[in-house]
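J.: For any residue, its number in this note's numbering is found by taking its place in the sequence shown, counting from 1, and adding 367.
Even glycine gets a Cβ: it sits at the ideal position worked out from N, Cα and C.
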Amino acid sequence: MDHKPSSRKLEKLFAVKGMNDIVPPDSSRWEALEAEVRTLMAQYAYRNIRTPIVEPTALFVRGTGETTDIVEKEMYSFEDKLNGEALTLRPENTPGVVRAAIEHNLTYDGGKRLYYMGPMFRHERPQRGRYRQFYQLGAEALGFAGPELDVELMLLAQQLFDRLGLKNICLEINSLGVATERHAHRAALIAYFEAHAEYLDADAQRRLHANPLRILDSKNPAMQSLVGQAPQLLSFLGERSLAHFDTVKSLLSACSVAWSINPRLVRGLDYYSHTVFEFVTRELGAQGTLCGGGRYDGLFELLGGKPTPAVGWGMGLVRVLELLQAQVERVPDPALDVYLIVPQPAALAVAMRCAQDLRALGVRALLHASASGATDSMKSQFKKADASGARFALIFGADEVAQGQVVLKSLRDGAGEQSLQPLDKLALWATTLQSRTSVK
Ligand code: ATP
Ligand code: MG
368 MDHKPSSRKL EKLFAVKGMN DIVPPDSSRW EALEAEVRTL MAQYAYRNIR TPIVEPTALF
428 VRGTGETTDI VEKEMYSFED KLNGEALTLR PENTPGVVRA AIEHNLTYDG GKRLYYMGPM
488 FRHERPQRGR YRQFYQLGAE ALGFAGPELD VELMLLAQQL FDRLGLKNIC LEINSLGVAT
548 ERHAHRAALI AYFEAHAEYL DADAQRRLHA NPLRILDSKN PAMQSLVGQA PQLLSFLGER
608 SLAHFDTVKS LLSACSVAWS INPRLVRGLD YYSHTVFEFV TRELGAQGTL CGGGRYDGLF
668 ELLGGKPTPA VGWGMGLVRV LELLQAQVER VPDPALDVYL IVPQPAALAV AMRCAQDLRA
728 LGVRALLHAS ASGATDSMKS QFKKADASGA RFALIFGADE VAQGQVVLKS LRDGAGEQSL
788 QPLDKLALWA TTLQSRTSVK
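Listed below in structure tokens is the structure:
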């Protein structure tokens, strides 16, 4: 390639539509959220799993489902130029986690509780709360069949919302029972919609035989009353499915988590069973689902593994942060402790060494750097120090440094106070820094 400098100004490049940069100070909010998540996951004993962002396309065709919006129209798929393999940027991560669990036989010695956090990709129309690269936190419990795990996962999500201080989030639950119950319901649903075929929109007509459950998801206002009166899956559940669902409800209530039943909450795929749930809010406009999950006891087999019960959820972190911004006062960025000012280049080495030593002691320290590469005036260095929010400035004047000393100055409480500090005592000073408000 030709890298000759050109006299023409080059065009700017921009991020791909629907894929956003996260820059400071916003990135601090992400870091704080991620830190909260890690603490919480450790308390629930969920361990981190990291799978590739690119997976074989077949994983999502099978694992997400051929008749889902995701597979029908939202995937970023491409052919590997070298070997022609069909690949896809992950639109969700449950199939990836299950693939990895099968590949590494993760459940050989019992159930595993796992979580992940990372980018997902869907080719959707970008709008508030809906992006083409977005971030999901997911929790998956593999190898547990009982309703207590369904509840544990809901408690985990609820606890995260509570710790973040989020309010007005409702938990909606439903049960999909088992395959035979769903098939009976499906037949009743098809019969019902066929009897009212003239009211079906084009989407619904297309789905009627492929995946009638998905008609229940319809957002078309003209279809709402028809859908509202459709046969409900709950009335097709047998004793065992009802018992599973009853335990879920009573355990949730025992843990003081409010829930309501949403009979239209369905996942139109056969590998789902029993509990499905969503955490929703009305405060984010149309994109109000923060977290969606359910039990997917059939997925392991569908991906070539041994039958393994499993349950999990995925949470949209962009939406969580948007709600946080709307509801919770902003947490201030962590402030700097010390700003190091170096008026003459001769003292640079000592200052750099000192900054390094202070950081090793846990002090948040920033060494002044000029934009031009030349040494900035004391005045402009002080201006930056003030703007940085640091509590103290350390001034590495050549004369003081020659005598093994630096000037320590308060920038905030008791601003202006200053004292001379021996360089070899700075470490001692630093260890008492957290409780200090003045230079004395
Ligand atoms: P929706 O009904 O909003 O399209 P979905 O059913 O496609 O959601 P899931 O596949 O269950 O969503 O993903 C779990 C969560 O991930 C959603 O509840 C949402 O918070 C978030 N999410 C899904 N798609 C996007 C997107 N394009 N941009 C931002 N967040 C998203
Ligand atoms: Mg979607």
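1. Do the CB positions of D517 and F644 come within less than 9 Å of each other?
2. For the ligand MG, I want to know if R553 counts as a neighbour, meaning its beta carbon is within less than 8 Å of at least one of the ligand's heavy atoms.
3. Would you list the residues sitting across from Q785 in a DSSP beta bridge?
4. Identify the continuous beta strand (DSSP E) that holds R662 and give its terminal residues.
5. Give a yes or no on whether the C-beta atoms belonging to L520 and V633 are separated by under 9 Å.
6. At which residues does the beta strand (DSSP E) containing T642 begin and terminate?
7. May I ask which residues mark the beginning and end of the beta strand (DSSP E) holding I708?
8. So the candidates are S592, W680, Q692; which of them puts its Cα closest to the Cα of R631?
9. How do the segment 497-507 and the segment 677-695 stand: do at least 3 beta-carbon pairs fall below 8 Å, yes or no?
10. Any heavy atom of the ligand MG within a distance shorter than 8 Å of the CB on D436?
11. Could you round the C-beta distance between H641 and S755 to whole angstroms and report it? I think they count as a contact, below 8 Å.
12. Verify the contact flag: L456, CB atom, against every heavy atom of the ligand ATP, threshold strictly below 8 Å.
13. Output the distance between the C-alpha atoms of L380 and T798, rounded to the nearest integer angstrom.
14. For R480, which three-state DSSP category applies?
15. Name the DSSP beta bridge partners of T455, please?
16. If you measure from the CB of C658, is any heavy atom of the ligand ATP nearer than 8 Å?
17. I need the DSSP call for R414, collapsed to helix, strand or coil.
18. Under the DSSP definition of a beta bridge, which residues are partnered with L504?
19. Measuring CB to CB, does T336 end up less than 9 Å from Y482?
20. Extract the residue ranges of the beta strand (DSSP E) inside the segment 710-737, only unbroken runs of 3 or more that lie entirely within it.
21. Under 7 Å Cβ to Cβ from L778, same chain only, skipping five residues before and after it: list those, please.
22. Please identify the residue among K673, F749, Q788 whose C-alpha is closest to the C-alpha of A470.
23. Find out if the Cβ-Cβ distance for the pair G463, G510 is shorter than 9 Å.
24. Below 8 Å, is the gap between the Cβ of N498 and the nearest heavy atom of the ligand ATP?
25. Rounding to the nearest angstrom, what Cα-Cα distance links D393 and Q500 in this structure?
26. Within its chain, find whatever has a CB closer than 8 Å to the CB of E689; leave out the 5 residues flanking it on each side and keep chain order.
27. For V695 versus L533, is the C-beta spacing smaller than 9 Å?
28. Starting from A625 and walking both ways along the beta strand (DSSP E), at which residues does that stretch end?
29. Identify every residue that forms a DSSP beta bridge with Q494.
30. Kindly indicate the opening and closing residues of the alpha helix (DSSP H) around S755.
31. Between V428, R375, Q410, R405, which has its C-alpha nearest L666's C-alpha?
32. On the DSSP bridge list, what partners appear for N541?
33. Would you mind stating whether F488 and G544 have Cβ atoms separated by less than 9 Å?
34. Where does N472 land, buried or exposed, given buried means 16+ other C-beta within 10 angstroms?
35. On a CA-only basis, which of L707, A625, Q788, E446 is nearest E539? Give me that one, please.
36. Does DSSP classify A512 as helix, strand or coil?
T.: Taking the definition as stated:
1. Taking the sequence shown and counting its residues from 1, the one referred to as residue 517 is at position 150. Taking the sequence shown and counting its residues from 1, the one referred to as residue 644 is at position 277. At the C-beta level, D517 and F644 come within 9 Å of one another.
2. The residue labelled residue 553 in the question sits at position 186 within the sequence shown. In this structure, the C-beta of R553 stays at least 8 Å away from each heavy atom of the ligand MG.
3. Taking the first residue of the sequence shown as 1, we reach residue 785 at position 418. In DSSP, Q785 forms a bridge with K776.
4. The residue labelled residue 662 in the question sits at position 295 within the sequence shown. Its beta strand (DSSP E) spans residues 656-662.
5. The sequence position of residue 520 within the sequence shown is 153, counting from 1. The sequence position of residue 633 within the sequence shown is 266, counting from 1. No, Cβ-Cβ distance for L520 and V633 is not below 9 Å.
6. If you number the sequence shown from 1, residue 642 lands on position 275. Membership of T642 in the beta strand (DSSP E) is indicated by the continuous run 640-647.
7. Residue numbering aside, residue 708 sits at position 341 when the sequence shown is read from its first letter. It spans 705-708 - the beta strand (DSSP E) in which I708 sits, taken as one unbroken run.
8. Taking the sequence shown and counting its residues from 1, the one referred to as residue 631 is at position 264. The shortest C-alpha separation from R631 is found at S592.
9. The segment 497-507 is in contact with the segment 677-695.
10. Residue numbering aside, residue 436 sits at position 69 when the sequence shown is read from its first letter. Result yes, Cβ under 8 Å from the ligand MG.
11. Reading the sequence shown from its first residue, position 274 is the one you call residue 641. Reading the sequence shown from its first residue, position 388 is the one you call residue 755. About 54 Å separates the Cβ atoms of H641 and S755, ruling out a contact at the 8 Å cut-off.
12. What you label residue 456 is simply residue 89 of the sequence shown in a count that begins at 1. It does not: the Cβ of L456 is nowhere closer than 8 Å to a heavy atom of the ligand ATP.
13. Counting from one through the sequence shown, the residue named residue 380 turns up at place 13. Counting from one through the sequence shown, the residue named residue 798 turns up at place 431. The straight-line gap separating the alpha-carbon atoms of L380 and T798 is approximately 47 Å.
14. By one-based count along the sequence shown, residue 480 stands at place 113. R480 sits in a strand when the DSSP states are folded into three classes.
15. Along the sequence shown, one-based indexing puts residue 455 at 88. For T455, which the question treats as bridged, DSSP gives the partners E422, S444.
16. Taking the sequence shown and counting its residues from 1, one reaches residue 658 at position 291. Under cutoff, so the answer is yes.
17. Position 47 of the sequence shown, counted from the first residue, corresponds to residue 414. R414: strand per DSSP, three-state reduction.
18. Here residue 504 is taken as the residue at index 137 of the sequence shown, counted from 1. In DSSP, L504 forms a bridge with M484, M682.
19. In the structure as shown, the chain begins at 368 and stops at 807. Residue 336 is therefore absent and cannot be evaluated.
20. Runs of the beta strand (DSSP E) inside the segment 710-737: 732-734.
21. Locating residue 778 in the sequence shown gives position 411, where the first residue counts as 1. Counting only Cβ-Cβ distances below 7 Å, and skipping sequence neighbours, we find A752, D753, A757, R758, F759, A760.
22. Taking the first residue of the sequence shown as position 1, residue 470 is located at position 103. Reading off the sequence, residue 470 comes out as Glu, not Ala. The residue with the shortest Cα to Cα distance from E470 is K673.
23. Here residue 463 refers to the residue found at position 96 of the sequence shown. Here residue 510 refers to the residue found at position 143 of the sequence shown. G463 is not a Cβ neighbour of G510, given a cutoff of 9 Å.
24. Sequence index remark: in the sequence shown, residue 498 carries index 131 (1-based). It should be pointed out that residue 498 corresponds to Tyr in this sequence rather than to Asn. Yes, the Cβ of Y498 comes within 8 Å of a heavy atom of the ligand ATP.
25. Numbered from its first residue, the sequence shown carries residue 393 at position 26. Numbered from its first residue, the sequence shown carries residue 500 at position 133. Straight-line Cα distance between these residues: approximately 16 Å.
26. What you label residue 689 is simply residue 322 of the sequence shown in a count that begins at 1. These residues qualify, in order along the chain: R495, G496, L651.
27. Working through the sequence shown from its first residue, we reach residue 695 at position 328. Working through the sequence shown from its first residue, we reach residue 533 at position 166. Cβ distance < 9 Å, so V695 and L533 count as in contact.
28. In the sequence shown, residue 625 corresponds to position 258, counting from 1. Taken as a continuous stretch (DSSP letters only), A625 belongs to no beta strand (DSSP E), as it is neither H nor E.
29. As a working mapping, residue 494 is identified with position 127 in the sequence shown. Answer is R497, bridged to Q494.
30. Here residue 755 refers to the residue found at position 388 when the sequence shown is read from its first residue. Its alpha helix (DSSP H) spans residues 745-755.
31. For the purposes of this step, residue 666 is taken as the residue at position 299 of the sequence shown. Measuring from the Cα of L666, the nearest candidate turns out to be V428.
32. Translated into the one-based positions of the sequence shown, residue 541 becomes position 174. Paired residues: V643.
33. As a working mapping, residue 488 is identified with position 121 in the sequence shown. As a working mapping, residue 544 is identified with position 177 in the sequence shown. Result no, Cβ atoms of F488 and G544 do not sit closer than 9 Å.
34. Here residue 472 refers to the residue found at position 105 of the sequence shown. Per the 10 Å Cβ criterion, exposed.
35. Here residue 539 refers to the residue found at position 172 of the sequence shown. Between E539 and the set L707, A625, Q788, E446, the nearest pair of CA atoms involves A625.
36. Numbered from its first residue, the sequence shown carries residue 512 at position 145. Correct three-state label for A512: coil.
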